[in-house]
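A.B. asks: So the sequence shown is numbered by the working numbering: it starts at 11 and just counts up by one.
Glycine residues also receive a C-beta, built at the ideal position from the N, C-alpha and C atoms.
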Amino acid sequence: AIAVLGFLWIAYLGVAKFNEARQGKAEWAEVGVLGIVGAIVLIFASYLLTEAAGVI
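1. Quick check on V41: buried or exposed, where buried means 16 or more other Cβ atoms within 10 Å of its Cβ?
2. Grab me the residues of I20's own chain with a C-beta within less than 6 Å of its C-beta, minus the 5 sequence neighbours each way, in chain order.
3. In or out: K35 buried (at least 16 other Cβ within 10 Å) or exposed?
4. Going by the CB atoms, is the gap between L23 and L44 shorter than 8 Å?
5. Just tell me which of F28, V65 and L52 has its CA closest to the CA of I12.
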């Protein structure tokens, strides 16, 4: 459930930032940075959840 919420949160932010970039309110580089940082956060959250599952 935690990973799904993280994915939905990052997907929402990505769509919002993409919309801002299309309207000229944000740079396209911001969309790319959000995608890279979002992927890193999801990978890190998956790693932590995998480690926690091993402990439980």
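C.D. replies: In short, the structure shows the following:
1. buried
2. Apart from sequence neighbours up to five positions away, the residues of its chain that approach I20 with a beta-carbon distance below 6 Å are G48, ordered along the chain.
3. exposed
4. yes
5. L52
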